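Notes to accompany the following structure.
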Amino acid sequence: MKRSLKRLIIDTATDYIFLALAFGSEEIDSIYELGVNNHSVTIIPFLEDMLSKAKIKLRDIDQVIVGIGPGSYTGVRIGVTVAKMIGYLNNVDVYTVSSLAFLASSSNSKYVLAMIDARRGNAFMGLYGNCNNNMKIINSDVLQNIDDFKKSLDLDYEVIQLGKPKIDKILESKLLSKVDNIHDLVPNYLQITEAERNLRNEI
Amino acid sequence: METKLKIKSVEDTNFLAKILADNLFEGIIIGLTGDLGSGKTTFTKYLAKHMGITDIISSPTFMLLKIYESKLPLYHIDAYRLEDIGYDYEFDEYIYGRGVTVIEWYQYIDMMLPKEILKISLKVTGIEEREVRIEGEGRYEAIIEAIDNRYSN
Numbered sequence: 358m359k360r361s362l363k364r365l366i367i368d369t370a371t372d373y374i375f376l377a378l379a380f381g382s383e384e385i386d387s388i389y390e391l392g393v394n395n396h397s398v399t400i401i402p403f404l405e406d407m408l409s410k411a412k413i414k415l416r417d418i419d420q421v422i423v424g425i426g427p428g429s430y431t432g433v434r435i436g437v438t439v440a441k442m443i444g445y446l447n448n449v450d451v452y453t454v455s456s457l458a459f460l461a462s463s464s465n466s467k468y469v470l471a472m473i474d475a476r477r478g479n480a481f482m483g484l485y486g487n488c489n490n491n492m493k494i495i496n497s498d499v500l501q502n503i504d505d506f507k508k509s510l511d512l513d514y515e516v517i518q519l520g521k522p523k524i525d526k527i528l529e530s531k532l533l534s535k536v537d538n539i540h541d542l543v544p545n546y547l548q549i550t551e552a553e554r555n556l557r558n559e560i
Numbered sequence: 095m096e097t098k099l100k101i102k103s104v105e106d107t108n109f110l111a112k113i114l115a116d117n118l119f120e121g122i123i124i125g126l127t128g129d130l131g132s133g134k135t136t137f138t139k140y141l142a143k144h145m146g147i148t149d150i151i152s153s154p155t156f157m158l159l160k161i162y163e164s165k166l167p168l169y170h171i172d173a174y175r176l177e178d179i180g181y182d183y184e185f186d187e188y189i190y191g192r193g194v195t196v197i198e199w200y201q202y203i204d205m206m207l208p209k210e211i212l213k214i215s216l217k218v219t220g221i222e223e224r225e226v227r228i229e230g231e232g233r234y235e236a237i238i239e240a241i242d243n244r245y246s247n
């Protein structure tokens, strides 16, 4: 019998920290907990708990799937850092997924507008579709004024701002992209700070 | 809406901070402006005291942000070093959060703040005397009314 991959799934781009363990495409365990500005404190204990419950060690993880944003500027880095660390230590494949795709996966509506507040009237938004149990991206993730973006959409969609990801949908979709060089893994912020912008202008 | 008042000593600063402390709400943002030594950090110290915070409050000029735990957490930001540098989105999680945010030199990050904040400007008029102007709209108007009520009594 083919041994199933032990996959660790991480997303920290929203107020909720999400960790899941899957063997193949089957979810074994998951954690989805509110923790505003707190994910850096909880991620390692949660991970240790989950591994010990499944009676496996960190070095047994064969693959890591991580939400790389867009989303919380502080939060997204925590998950990406942990994914990077495990990918490097275990020398295993790391795949990235949009954090908005994780959010969208919680709904089975035909069209889902996943939305994470970016303040000042803006949000990170991505439009996803569910068709025959197959999740697809309809409109790539943007940072935009909420009203302007909604006006540009000409279809019926459900807005999702909160929801526990459905891992099987993500794992079976084509929304994962493989990281070729673990050192190149960075979050997708969709926005840069003024300091970075100024630095780029100077160069 | 705005109001003006005169402070004659740090005791008056304490009095003003007490009124503010009695009228705090989740997500309140207080922007302070005024020259070096005008009393921005002193005001924050008294505000923290009335919030039940016993830690020593020092100017966050070099840290940018200090967090004090209390019933409502206090986020003490100093934006002075951000002039011509700009905003870091990391602040969003605090400024748009559920605590009490006090921002010294708020004008340097004004464009990133919500339209409605409480603006307090301190002007040095003597060794201990200060002229204080307090402005706010919307949900901040109740605070200005509370200040006016306390000072007219």
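Heads up: the protein sequence lines correspond to chains A and B, in order.
Using the numbering used here, read the first sequence as starting at 358 and increasing by one per residue.
Using the numbering used here, read the second sequence as starting at 95 and increasing by one per residue.
In this text, a Cβ means the ideal position worked out from N, Cα and C, and glycines have one as well.
All values derive from a computational prediction rather than experimental measurement.
Per-residue burial, residue i [other beta carbons within 10 Å of its own, 16 or more giving buried]
i: residue 358(A); result: Unreliable placement is indicated for residue 358(A), whose pLDDT of 48 sits below 50; the coordinate value is still reported in the next sentence. Exposed.
i: residue 433(A); result: buried
i: residue 536(A); result: buried
i: residue 480(A); result: buried
i: residue 529(A); result: exposed
i: residue 232(B); result: exposed
i: residue 478(A); result: exposed
i: residue 445(A); result: exposed
i: residue 420(A); result: buried
i: residue 519(A); result: exposed
i: residue 442(A); result: exposed
i: residue 483(A); result: buried
i: residue 372(A); result: buried
i: residue 498(A); result: buried
i: residue 534(A); result: exposed
i: residue 208(B); result: exposed
i: residue 402(A); result: exposed
i: residue 361(A); result: exposed
i: residue 369(A); result: buried
i: residue 157(B); result: exposed
C-beta neighbour in chain A for residue i, strict 8 angstroms
i: residue 128(B); result: no
i: residue 191(B); result: yes
i: residue 180(B); result: yes
i: residue 186(B); result: yes
i: residue 183(B); result: yes
N- and C-terminal bounds of the alpha helix (DSSP H) containing residue i
i: residue 540(A); result: Element bounds for residue 540(A): n/a, residue is neither H nor E.
i: residue 555(A); result: 551-559
i: residue 407(A); result: 396-410
i: residue 436(A); result: 432-447
Neighbour flag for residue i against chain B, beta carbons, 8 angstroms
i: residue 457(A); result: no
i: residue 393(A); result: yes
i: residue 555(A); result: yes
i: residue 369(A); result: no
i: residue 476(A); result: yes
i: residue 405(A); result: no
i: residue 552(A); result: yes
i: residue 561(A); result: For residue 561(A) there is no data in the structure shown, the boundaries of chain A being 358 and 560.
i: residue 518(A); result: no
i: residue 501(A); result: no
i: residue 548(A); result: yes
i: residue 430(A); result: yes
Supposed close pair residue i, residue j - CB separation, criterion 8 angstroms
i: residue 416(A); j: residue 447(A); result: 6 angstroms
i: residue 173(B); j: residue 203(B); result: 5 angstroms
i: residue 469(A); j: residue 487(A); result: 7 angstroms
i: residue 367(A); j: residue 427(A); result: Rounded, the Cβ-Cβ distance is 16 angstroms, inconsistent with contact.
i: residue 524(A); j: residue 384(A); result: 5 angstroms
i: residue 161(B); j: residue 169(B); result: 6 angstroms
i: residue 237(B); j: residue 212(B); result: 6 angstroms
Chain-ordered chain D contacts of residue i [CB-CB under 8 angstroms]
i: residue 437(A); result: In the displayed structure, chain D is absent; the protein chains listed are A and B.
First through last residue of the beta strand (DSSP E) which encompasses residue i
i: residue 485(A); result: 479-488
i: residue 186(B); result: Segment 186-189 is the alpha helix (DSSP H) holding residue 186(B); no beta strand (DSSP E) there.
i: residue 168(B); result: 168-172
i: residue 243(B); result: No beta strand (DSSP E) holds residue 243(B); the alpha helix (DSSP H) holding it covers 235-246.
- Query: Pairing CB atoms from the region 188-195 of chain B with CB atoms from the region 121-141 of chain B, are three or more of them under 8 angstroms?
  - Reply: Yes, they touch.
- Query: Would you call the region 100-110 of chain B and the region 456-464 of chain A touching, i.e. three or more CB-CB distances under 8 angstroms?
  - Reply: By the C-beta criterion, the region 100-110 of chain B is judged not to be in contact with the region 456-464 of chain A, since fewer than 3 inter-stretch pairs fall below 8 angstroms.
- Taking 8 angstroms as the threshold, find out whether the region 406-414 of chain A comes into contact with the region 374-391 of chain A through three or more Cβ pairs. Yes, since at least three Cβ pairs between the region 406-414 of chain A and the region 374-391 of chain A fall closer than 8 angstroms, the two stretches touch.
- Query: Are there three or more Cβ pairs, one per stretch, closer than 8 angstroms when the region 504-512 of chain A is compared with the region 546-558 of chain A?
  - Reply: By the Cβ criterion, the region 504-512 of chain A is not in contact with the region 546-558 of chain A, since fewer than three pairs of Cβ atoms, one from each stretch, lie closer than 8 angstroms.
- the region 541-548 of chain A in contact with the region 200-217 of chain B per 3-pair CB rule at 8 angstroms: The region 541-548 of chain A, when compared against the region 200-217 of chain B, does not touch it at the 8 angstroms Cβ threshold.
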